[in-house]
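Just add 9 to the spot in the sequence shown (first one is 1) and you have this note's numbering. Each residue gets a CB set at the ideal place from its N, CA and C atoms; glycine is no exception. Below is one structure, written out as structure tokens, with a few remarks after it.
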Amino acid sequence: LLENLVSARQHAQSHFEDARSLLHPRRSIPNELLAKIFSHCIVKVHHVEEPDGLDPRAAPWLLNGVCRRWRNLATNLPQLW
Numbered sequence: 010l011l012e013n014l015v016s017a018r019q020h021a022q023s024h025f026e027d028a029r030s031l032l033h034p035r036r037s038i039p040n041e042l043l044a045k046i047f048s049h050c051i052v053k054v055h056h057v058e059e060p061d062g063l064d065p066r067a068a069p070w071l072l073n074g075v076c077r078r079w080r081n082l083a084t085n086l087p088q089l090w
């Protein structure tokens, strides 16, 4: 009986966490505002014509790893590439 209750609690907790993630503020930011924020993520390096665009720790690559929505938006913003 106790094992069943613990299992049911863990299952409910998992569903609660899934539902809570749907309400995260990140999901409510309009794409236009995200695009503006993303454009500020591009590092402008002085005395270098082009920053290292292949660094996976930098934008736009880093933005692509957050979620599907950010990946779709970042890959469709020419100013990031």
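When the options are compared against residue i, the one with the closest alpha-carbon
i     : options                : result
His49 : Gly74, Leu32 and Ala67 : Ala67
Ile46 : Asp27, Leu72 and Ser23 : Leu72
Euclidean distance between Cα positions of residue i and residue j
i     : j     : result
Glu41 : Leu63 : 25 Å
Glu12 : Trp70 : 44 Å
Val15 : Ser23 : 12 Å
His33 : Pro39 : 13 Å
8 Å contact criterion, which residue i and residue j should meet: CB distance rounded
i     : j     : result
Leu82 : Leu43 : 6 Å
Contact set for residue i: own chain, Cβ-Cβ below 6 Å, skip 5 residues either direction
i     : result
Arg80 : Asn73
Arg18 : none
Arg78 : none
Close Cβ partners of residue i (< 8 Å) along its chain, the five nearest in sequence each way excluded
i     : result
Val57 : Confidence at Val57 is low in this model, with a pLDDT of 49, below 50, so the placement of that residue is unreliable and no value is reported for it.
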